[in-house]
Amino acid sequence: MTTKTAIAALAAAAGIACVPVAQAQVTYKEMADAMHAVMEADRTVYTRVIVNRLQEEKVIKASEHWKDDKALALPAQMFRYGAEMVAEKKMGFSYSLLSLWPVNKQNAAKTPAEKEGLEAIARDASKPFYKEETLGKTRYFTAIYADRAISPACINCHNAHKDSPRTDFKMGEAMGGVVVRIPMK
Amino acid sequence: MAKGRKALWIAWGVMSVAIGGYLGAGLVAESAAGSAWLGPARSLLLPGTTSHGHYQIELACESCHARPFGGKDGLQEACVRCHGAALKEADDKHPLAKFTDPRNADRLEKLDATLCVTCHVEHRPQITTAMGVTMPRDYCFHCHAEIAKDRPSHEGLAFDTCSSSGCHRYHDNRALYEDFLAKRLDQPQVLPEARLPGRDFRDVAAQVPGYPSQRYPVRPLREPDADAPPALRSKAGATREWLETAHASAGVNCSGCHRVERNDAPAWVERPDHGVCKGCHELETKGFLGGRHGMRLAEKLPPMTPARARLPMKPEAHDTAVDCTTCHAAHRFDTRRAAVEACLGCHRDQHSVAYEGSPHHRLWQAELAGAAPPGSGVSCASCHLPRVEHRMVDAGLKRVLVQHNQNDTLRPNDKMVRPVCLACHGLGFAFDSLADRALVERNFAGPPRAHVKSLEMVMERLRQIEEKRSRRQPRAAGR
């Protein structure tokens, strides 16, 4: 190889090396949005295709005490059991279903970020709420998404439930929020 | 140094090494727990009297302290190994998942509820209370201090009564949750249809995974079918006894129990142990090994005997080793005998002694005599080894299983309500009877003198909610 060719090859290699390789970097917001999209889709399918359909066909009901009543688990419970299974994997991130008007008081907003977020989505259900917060010794990226009433079953049950603080939910309204927490490195 | 002195020093040295060696061997050797001469070394090293739940296996240190320097996580693994499945089955209301949620991080700082040992410390008899809890009784306060806000009826109630009044339990609330009570507010003391379930193993045996239906198809066997070696067949009328059993009528031949694989070759065992029963009765054996009768066998220790027990036992049963055939006498395998006589052959505590002559016993005698329908009698086993509906998830099968793990319904005793009491009694009556300790000692001879207020509180709360709702939406006249 002549010197000229060698220098040209070296320059070409250097040039190629300088082109930034497509780096896969997902932001906390993108990850939270992606996870929420999957959670929302799965739960909506469960609500519409399984719970509503089978209730309409009078095959089986959905009930809070599904084991004892030999009924289907409620969509909120299906969501929660998934969250518990994920918690057992100890991957760090967590998600839950909270509300300003919860049936079970343990699901009320607890941290300041949760309170702020649930109020924000109650005012405007179309915009997710993002915040960073420190719980225990860890810093988290917390995203809160509006959880709307997508089926008459949602509002009928909550409005009639003896432990529900509100009895006037309407279709399409944000009844609570999905809270996704990702530990920040 | 004087010769005498030197000899003393040497003697002291030798003795120290010998004693240290002995204790060290006792601590480290794996077989020490069951060994007759190394066992006492472990006893010497055992700190503090162990609790009622663990004393039987107290010398098998490795059962809990599986990893040297494993710390709290090592202990946690050991707890979960034995108790995890039962807690999951009981729909534990304070599971790990509740506390790994970061929003509960502040609660963990008050009480680390992710670890069993936070509240259940062993080897500390001076602070151990009921259920092996070593926390002060009012531990609920740490997270539920504000309960009076949600439940005004709880205003003024002391925090050490949360889990001792028969209303709430930390783990198992299956018989205690509000909606469960709400559906059973007005039940009579004795239900009109008072029956315990019957067993159905024979009907489902062939479908149970692992049941050897190829070798032993479920069909009745007769004397010529017996496959024991001819020399043993006439031994002590065993064949005659076997013919009267459910085994013979379900196709289980002599070889089913006596022929065992040893070193890859079939061998004839005269006295098989529980390992053989496991082949067909896996769930019952698993229950037995998890309970008070079989937990020593589960930890590879010599079997439990009344001599080792803390409960009062009959002196004549002092050395009876507990295994399947102790209660289910071979070859009879008479389950009726196993339900009462087997128990009373060893147990001599107040409750057991009071059984004969009690109302439950009279029902049992009537059932045995054919004067009362099957399932109306109440034996020791009816309550302590109850027949429960069991879902075999992998096989897609439901069957009635005799729960051989008596811990399942023992402490706290409201665990007995759903699988047992509610078959015949109303919920309020069951709660009251179980809460009356003196009545339990008298084996339920007489009415309960205790009263658990939970049903009234639920009734009152439902009434208040109904009132609030009707005030909010006044009904139109004429409706």
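Heads up: the protein sequence lines correspond to chains A and B, in order. For the first sequence, this note's numbering assigns the number 185 to the last residue and increments by one with no breaks. For the second sequence, this note's numbering assigns the number 1479 to the last residue and increments by one with no breaks. Ideal Cβ placement from N, Cα and C applies to all residues, glycine included. Computed from a predicted structure; not experimentally measured.
In chain order, what residues of the same chain have a beta carbon less than 7 angstroms from the beta carbon of residue i, not counting five sequence neighbours either side?
i	result
A:Ala-87	Ser-94
B:Ala-1477	Unreliable placement is indicated for B:Ala-1477, whose pLDDT of 44 sits below 50; the coordinate value is still reported in the next sentence. Excluding residues within five positions, none has a Cβ falling inside 7 angstroms.
By the criterion of Cβ-Cβ separation under 9 angstroms, what are the contact partners of residue i in chain E?
i	result
A:Thr-138	As a matter of chain content, chain E is missing from the structure shown, whose protein chains are A and B.
What are the boundary residues of the alpha helix (DSSP H) that residue i is part of?
i	result
B:Pro-1266	Not the alpha helix (DSSP H): B:Pro-1266 falls in the beta strand (DSSP E), residues 1265-1268.
A:Met-39	28-45
A:Ser-96	Not the alpha helix (DSSP H): A:Ser-96 falls in the beta strand (DSSP E), residues 94-98.
B:Arg-1107	1105-1110
B:His-1142	1141-1144
B:His-1384	1380-1384
B:Cys-1343	1341-1344
B:Ser-1454	1454-1472
B:Met-1295	1295-1298
B:Met-1015	1003-1028
B:Asp-1179	1178-1182
B:Cys-1324	1324-1327
A:Arg-123	112-123
B:His-1360	1359-1368
B:Val-1204	1201-1204
B:Gly-1053	Counting along the chain, B:Gly-1053 falls outside any alpha helix (DSSP H), and DSSP gives it neither H nor E.
B:Val-1353	1350-1353
What are the boundary residues of the beta strand (DSSP E) that includes residue i?
i	result
A:Pro-183	174-183
B:Phe-1444	Careful: B:Phe-1444 lies outside any beta strand (DSSP E) and carries neither H nor E.
B:Gly-1390	According to the sequence displayed, residue 1390 of chain B carries His and not Gly. Looking at the DSSP string, the run of the beta strand (DSSP E) that includes B:His-1390 is 1387-1392.
A:Val-59	From DSSP, A:Val-59 is part of no beta strand (DSSP E); its letter is neither H nor E.
A:Lys-131	129-135
B:Val-1402	1397-1402
Look at the alpha carbon of residue i and the alpha carbon of residue j, and state the distance between them as a whole number of angstroms.
i	j	result
B:Phe-1431	B:Asp-1414	7 angstroms
B:Gly-1426	B:Arg-1449	16 angstroms
B:Ser-1163	B:Phe-1099	20 angstroms
B:Lys-1481	B:Cys-1119	The structure shown does not extend to residue 1481 of chain B, since chain B spans only 1001 to 1479, so no value can be given for it.
B:Asp-1200	B:Ala-1182	32 angstroms
B:Arg-1442	A:Ile-182	57 angstroms
A:Ala-160	A:Ser-126	27 angstroms
B:Pro-1220	B:Leu-1243	9 angstroms
B:His-1390	A:Glu-30	45 angstroms
B:Arg-1479	A:Tyr-140	Bear in mind that a pLDDT of 42 at B:Arg-1479, under 50, signals an unreliable position, so the model cannot answer this.
B:Gly-1074	B:Ala-1025	23 angstroms
B:Ala-1338	A:Leu-98	52 angstroms
A:Thr-138	B:Val-1117	24 angstroms
B:Arg-1463	A:Lys-131	42 angstroms
B:Pro-1277	B:Asp-1179	In the sequence as displayed, the identity of residue 1277 of chain B is Cys instead of Pro. When rounded, the distance between both Cα atoms is 41 angstroms.
B:Thr-1128	B:Ala-1381	29 angstroms
B:Ala-1078	B:Lys-1300	15 angstroms
A:Asp-163	B:Thr-1050	43 angstroms
B:Asp-1092	B:His-1083	11 angstroms
A:Lys-115	B:Arg-1107	18 angstroms
Which class does residue i belong to by DSSP, given the choice of helix, strand or coil?
i	result
A:Ile-144	strand
B:Arg-1081	helix
A:Val-49	helix
B:Val-1218	coil
B:Leu-1045	helix
B:His-1425	strand
B:Val-1260	strand
B:His-945	A query on residue 945 of chain B cannot be resolved here, the shown segment of chain B reaching from 1001 to 1479 and no further.
B:Arg-1308	helix
A:Met-91	coil
B:Leu-1059	coil
A:His-65	coil
A:Met-78	helix
A:Thr-138	strand
B:His-1274	helix
B:Val-1440	helix
A:Met-85	helix
Given residue i, which residues of its chain have a CB within under 6 angstroms of its CB, disregarding the five upstream and five downstream residues?
i	result
B:His-1142	Lys-1110, Leu-1111
B:His-1123	Pro-1047, Gly-1048
B:Arg-1184	Leu-1427
B:Arg-1348	Pro-1312, Met-1313, Lys-1314
A:Met-184	Arg-139, Phe-141
B:Arg-1387	Pro-1197, Val-1400, Val-1402
B:Arg-1042	Gly-1026, Ala-1032, Leu-1059
A:Arg-166	Trp-101
B:Asn-1248	According to the sequence shown, residue 1248 of chain B is Ala rather than Asn. Contacts found: Leu-1221, Trp-1242.
Quick one: residues in its chain with C-beta nearer than 8 angstroms to the C-beta of residue i, no 5 flanking neighbours on either side, listed in chain order?
i	result
B:His-1451	Asp-1432, Ala-1435
B:Gly-1173	Per the sequence shown, residue 1173 of chain B should be read as Asn rather than Gly. Only Asp-1091, Lys-1093 meet the Cβ criterion.
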